[in-house]
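Below: one structure, written as structure tokens.
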DNA sequence: CTGAAAGCGCTTACAG
DNA sequence: CTGAAAGCGCTTACAG
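Protein chains in written order, with the UniProt record's numbering: chain A, 1 to 336; chain B, 1 to 336.
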């Protein structure tokens, strides 16, 4: 048996298809009695309106698209979870697309989304100004997430990397540390750059005498290990290390441990992200927690606002998701 | 400017819409010259066919739906990644829906997917026989993933929990351990039950004299810690612990460490899953690695086969994804 | 090879 | 309140 259509319901309830449509949608313009008869017929026939037919005429898909760079790891799983939750709350479906190796693939994915979604959540390393100009349908509500670009032409949402980094530096300074090394993330990575900026700013404003000491890294554990070895060679030896992400902090701890250095007694260590394993390493890692799921939810909210108010100009709206300090053993704070 | 339609392209290329459709689809029934003119017009107008209109007539959405219980954690992120990769390879879009608190919510999600997808990947704790019978559109290709049920009526794909558990027991036996404790997962969880079965079978067949010693657990780290405390009280003391998942193994290690027991010198520990932090705990955890992404990809493949061959009866097809032994320090094996 | 026309399943003015 | 009809954008027999 093929799926029932609105015609079948109309026949079953002995009314016109127009009445079926009215009864099942806003419910107005139909007597309660007729409406009930129609509903009965619909459920008897297990009628589900054909989404494509409805989309064709209403111009609404009730679906939003999320274009992500990758789906690897906890970060994206949390991000999608947050998006999904907020989308569901609005009765919207979620179409995901990821792992576009190059700008062409991302553009193709963007094109394929056209007509399938009412709005777009976009996080892509390829999404620079030219790319967006070229590939983004002009009338499609879009929210940029953590892309390198956050110009006045688009809505954007990002993590408060800067503020989070400042919190960490203030924490380390408050513990009396003065020589605080920063391990960088990959060059060209905006999150990493913002974290470094926060580090430099906080140091300059709260402890002008403390030098900014920056070591190279690329977010990998290995690069953290190598940075840890460099830390050991520095004279005078640093009090503390602040890595631009947790994995490098963990790598750095391994290097210090291999050299017989005690953390946090001899050197404090801290990271950024609060990955799940941060609490399980030895010693547990002090870090900055980012509410990834909230990033997703808020982006979805922002997108929802745009979709609901197509005439309101929201371009240029830029919001930030808070980052919080999570104090554990590795920074050497007295834990209450 | 509204998006261009097929009519606009037809006008621009001075042909009928029928020719545009033919040129842009199979390309047959049109001279090369006309075809080229149409393609030029289409790209000039940035024409993208309206997905809903096409779906309405072709009855194909080129989208598959994934109904998942939750999106929390590494497992689902890997699963979606695998699904997405395989879907993309087939030119299919991916619609995800998750976190259905009860059977009603799951049923609603299922209904909402109807007409939006060409096939369904289903992993849900609510999906028992009655639920599927009641809510699954009969003509929609579906693959069940790790649901409690894998009857002859559906296609299914699952992890070889049983085989994985056997591999682990054989590994521990080969190392000379004879009193091997098993920490259970939550009751009612099929994965957990299969892992326990594998443990019992391997023990019975390879070391009939070794007693099966089973402690309660629920997959949480805390329950692993409690089980670890129970292990300490057992007399004679066990040689080894095999936890039904990694988090419990990690909790158990913490309990042993707190009691001053050395792992693996005094007791070997092992888990199941190979979560990312398994390699970072001290000592690194011997475990069973499950290729989650592959689980997703294979499910997608199986679904693709069904979609491509609607007449072939594939109900009852049941495939399994391999699980592999990953030897690290915690089981006490001599590492080469 | 090419075009006119029907039709996919729905919603929404427009009459009555 | 209710129904007949137009139309959303596409594809596909059917003629020519």
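Heads up, the beta-carbon is just placed ideally off N, CA and C, and yes, glycines get one too.
Assignment of residue 93(A) by DSSP, reduced to helix, strand and coil, places it in the strand class.
For residue 132(A), the enclosing alpha helix (DSSP H) begins and ends at 129-135. Under the three-state reduction of DSSP output, residue 80(B) falls in the helix class. Residue contact with chain A for residue 112(B): present (Cβ-Cβ distance below 9 Å to some residue of chain A). Taking a cut-off of 8 Å for Cβ pairs, the segment 231-241 of chain A and the segment 155-162 of chain A do not touch, as fewer than three such pairs fall below it. Take the alpha-carbon of residue 12(B) and the one of residue 35(B): they are about 13 Å apart.
Out of 319(A), 323(A), 313(A) and 300(A), the CA that lies nearest to the CA of residue 91(A) is found in 300(A). Residue pairing for residue 158(B): DSSP places it in a beta bridge opposite 320(B). When the five nearest sequence neighbours on each side are left out, the beta carbons in the same chain lying within less than 6 Å of the beta carbon of residue 328(A) are those of 284, 285 and 286, in order along the chain. Residue 318(B) and residue 203(B) have their C-alpha atoms roughly 26 Å apart. For residue 21(A), there are no CB contacts under 6 Å within the same chain when 5 residues up- and downstream are skipped.
Among the bridge pairs identified by DSSP, residue 180(B) is matched with 240(B). Residue pairing by DSSP puts residue 268(A) in a beta bridge opposite 240(A).
For the segment 250-267 of chain B, the set of residues with a beta-carbon nearer than 7 Å to any beta-carbon of chain A comprises 250, in chain order. Beta-bridge annotation (DSSP): residue 65(A) is paired with 95(A) and 120(A). Think of a sphere of 9 Å around the beta carbon of residue 48(A): the chain B residues whose beta carbon falls inside it are 111, 112, 114, 115 and 137, in chain order. Two segments are said to touch when three or more pairs of C-beta atoms, one from each, lie closer than 8 Å; by this definition the segment 112-126 of chain A touches the segment 293-310 of chain A. According to the DSSP assignment, residue 145(B) belongs to no alpha helix (DSSP H) but to the beta strand (DSSP E) extending over 142-145. A check of alpha carbon separations from residue 289(A) across 132(A), 167(A) and 10(A) identifies 167(A) as the nearest.
In the DSSP assignment, residue 287(B) falls within the beta strand (DSSP E) that extends over 287-290. In this structure, the beta-carbon distance from residue 244(B) to residue 279(B) does not fall below 9 Å. The criterion of a C-beta distance shorter than 9 Å is not satisfied by residue 155(B) and residue 296(B). Per DSSP, the continuous alpha helix (DSSP H) segment holding residue 38(A) begins and ends at 32-44. A Cβ of chain A is located within less than 9 Å of the beta carbon of residue 78(B).
Within the same chain, and ignoring the five residues on either side of residue 292(B) in sequence, the residues whose Cβ sits closer than 7 Å to its Cβ are 75, 78, 79 and 82. Contact annotation, residue 113(B) with residue 68(B): C-beta distance approximately 12 Å; criterion of less than 8 Å not satisfied. When Cβ-Cβ separations below 9 Å define contact, residue 271(A) makes no contact with chain B. Under the 10 Å beta carbon count, residue 50(A) is surrounded by 16 or more other beta carbons and is classified as buried.
Close to residue 55(B), with beta-carbon spacing below 7 Å, are these residues of chain A in chain order: 52. At least 9 Å separates the CB of residue 123(B) from every CB of chain A. With the criterion set as a beta carbon lying under 7 Å from some beta carbon of chain A, the members of the segment 278-307 of chain B are 280, 281 and 282, in sequence order. Looking at the backbone, the Cα of residue 172(B) and that of residue 282(A) are separated by about 26 Å. Collapsing the DSSP output to three states places residue 250(A) in a helix. Per DSSP, the unbroken alpha helix (DSSP H) holding residue 9(A) starts and ends at 6-13. Bounds of the alpha helix (DSSP H) holding residue 232(B) are 221-233.
Taking the CA atoms as reference points, residue 134(A) sits about 20 Å from residue 9(B).
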